[in-house]
Amino acid sequence: MRILIVEDEVTLNKTIAEGLQEFGYQADSSESFKDAEYYIGIRNYDLVLADWMLPDGNGIDLINVVKQKSPRTSVVIISAKDDKDSEIKALRAGADDYIKKPFDFDILVARIEARLRFGGTNVIKIDDLIIDPDEEKITYLGQEVELKGKPFEVLTHLARHSDQIVSKEQLLDAIWEEPELVTPNVIEVAINQIRQKMDKPLNISTIETVRRRGYRFCFPKKA
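One point on numbering: in my numbering, the residue at position 31 of the sequence shown is 173, and numbering is uninterrupted.
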């Protein structure tokens, strides 16, 4: 599960991130509205934890950014505003939960766990192709496909952005923990494995190469 933390108080941001990582979550940190928009644009999050007040905007406006891209992504607002009207405003704006500062970290984790349980399925279903990111499982016409690791993550990311051309740089940034330490040719290797282990045996085509721009998910186009 991947969580984006949007909090401009650096110490609190770091404390939350380190705490969530101890619970097994992947946590990205942002300290501004602009940086949060960037992360939301390149990565898929199960939950966004956003402070109300940010130096260049606010968490309430960020709700719409998150939900437009991924309606199933939960948004939890954290805020020093402890009045009833502020909580109502956040929930009516689309927040899935509202947590008042200061908060107990264990309670924060419990509320996050509750939202993630309630958040629904991440399964991608396109015609007879089913991709289950949580189980790292792909089935086509009832037949399970042996595709794991980074090739699976590349395919899943492209499927989630099926209306977009995704560059190698975007794929690296979205999937690899330290993209600066790997070369872009790892994307080519992953794409080749998708085509060899999945497309060729099933006689389908899932990934289209767009010259000089990147890749696009093209299923259900026939090979």
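Positions of the beta carbon are idealized from the N, C-alpha and C atoms, including for glycine.
(message) Below 8 angstroms, how does it come out for the stretch 157–165 and the stretch 244–259: are there three or more Cβ pairs, yes or no?
(response) yes
(message) Using C-beta distances below 6 angstroms, list every residue in its chain close to Arg355, excluding the 5 sequence neighbours before and after it, in chain order.
(response) Counted from its first residue, the sequence shown places residue 355 at position 213. Excluding five sequence positions before and after Arg355, the CB atoms of its chain that fall closer than 6 angstroms to its own CB belong to Ile307, given in chain order.
(request) Reducing DSSP to helix, strand and coil, say where Glu322 ends up. (result) By 1-based counting over the sequence shown, the position of residue 322 is 180. Note: Glu322 maps to helix in three-state DSSP.
(message) Considering Cα atoms alone, identify which of Asp224, Glu255, Asp203 is closest to Ile145.
(response) On the sequence shown, position 3 is the one that residue 145 refers to. Of the candidates Asp224, Glu255, Asp203, the one whose C-alpha sits nearest the C-alpha of Ile145 is Glu255.
(request) Could you check which residue in Arg353, Val352, Gln338 has the C-alpha nearest to that of Ile346? (result) The residue you call residue 346 lines up with position 204 of the sequence shown. Checking every option, the nearest Cα to that of Ile346 belongs to Gln338.
(request) Measure the alpha-carbon distance for Thr351 versus Lys243 and round it to whole angstroms. (result) Sequence index remark: in the sequence shown, residue 351 carries index 209 (1-based). Sequence index remark: in the sequence shown, residue 243 carries index 101 (1-based). So the alpha carbons of these two residues sit roughly 48 angstroms apart.
(request) Determine the direct distance from the alpha carbon of Ser174 to that of Thr153, and round the result to whole angstroms. (result) Mapped onto the sequence shown, residue 153 falls at position 11. Mapped onto the sequence shown, residue 174 falls at position 32. Going from the Cα of Thr153 to the Cα of Ser174 covers about 14 angstroms.
(request) Quick one: residues in its chain with C-beta nearer than 6 angstroms to the C-beta of Pro362, no 5 flanking neighbours on either side, listed in chain order? (result) Sequence index remark: in the sequence shown, residue 362 carries index 220 (1-based). Excluding sequence neighbours, Pro362 sits near Asp269.
(request) Taking only the alpha-carbon atoms, compute the straight-line gap between Arg214 and Thr298 and give it to the nearest angstrom. (result) Taking the first residue of the sequence shown as 1, we reach residue 214 at position 72. Taking the first residue of the sequence shown as 1, we reach residue 298 at position 156. Going from the Cα of Arg214 to the Cα of Thr298 covers about 16 angstroms.
(message) With the cut-off set at 9 angstroms, would you say Ser172 and Glu151 are in Cβ contact?
(response) Position 30 of the sequence shown, counted from the start, is the residue given in the question as residue 172. Position 9 of the sequence shown, counted from the start, is the residue given in the question as residue 151. Not a contact, by the Cβ cut-off of 9 angstroms.
(message) Ile184 and Gly201 - do their beta-carbons sit closer together than 9 angstroms?
(response) Stepping through the sequence shown from its first residue, residue 201 is reached at position 59. Stepping through the sequence shown from its first residue, residue 184 is reached at position 42. No, Cβ-Cβ distance for Gly201 and Ile184 is not below 9 angstroms.
(request) Please report the Cβ distance between Leu258 and Met143, rounded to the nearest whole angstrom; I am assuming they are in contact, meaning their Cβ atoms lie under 8 angstroms. (result) The residue labelled residue 258 in the question sits at position 116 within the sequence shown. The residue labelled residue 143 in the question sits at position 1 within the sequence shown. Indeed they touch by this definition, with Cβ atoms about 6 angstroms apart.
(message) For a quick check, are the C-beta atoms of Phe294 and Glu319 less than 9 angstroms apart?
(response) As a working note, residue 294 is residue 152 in the sequence shown. As a working note, residue 319 is residue 177 in the sequence shown. Contact: no.
(message) Does Leu283 come out as helix, strand or coil in the three-state DSSP assignment?
(response) One-based indexing of the sequence shown puts residue 283 at position 141. Note: Leu283 maps to coil in three-state DSSP.
(request) Let me know the secondary structure DSSP gives Leu191 once reduced to three states. (result) As a first step, residue 191 is located in the sequence shown; it is residue number 49 there, counting from the start. Strand.
(request) My understanding is that Ile273 touches Ala301, with C-beta atoms under 8 angstroms, so please give their C-beta distance in whole angstroms. (result) Working through the sequence shown from its first residue, we reach residue 273 at position 131. Working through the sequence shown from its first residue, we reach residue 301 at position 159. Sure, about 6 angstroms apart at Cβ, within 8 angstroms.
(request) Might you give, ordered along the chain, the residues of its own chain that have their beta carbon closer than 6 angstroms to the beta carbon of Arg358, omitting 5 neighbours on each side? (result) The residue you call residue 358 lines up with position 216 of the sequence shown. Counting only Cβ-Cβ distances below 6 angstroms, and skipping sequence neighbours, we find Ile307, Glu350, Val352.
(request) Determine the contact status of Ser228 and Ser221, defining contact as a CB-CB distance below 9 angstroms. (result) Position 86 of the sequence shown, counted from the start, is the residue given in the question as residue 228. Position 79 of the sequence shown, counted from the start, is the residue given in the question as residue 221. Going by C-beta atoms, Ser228 is nearer than 9 angstroms to Ser221.
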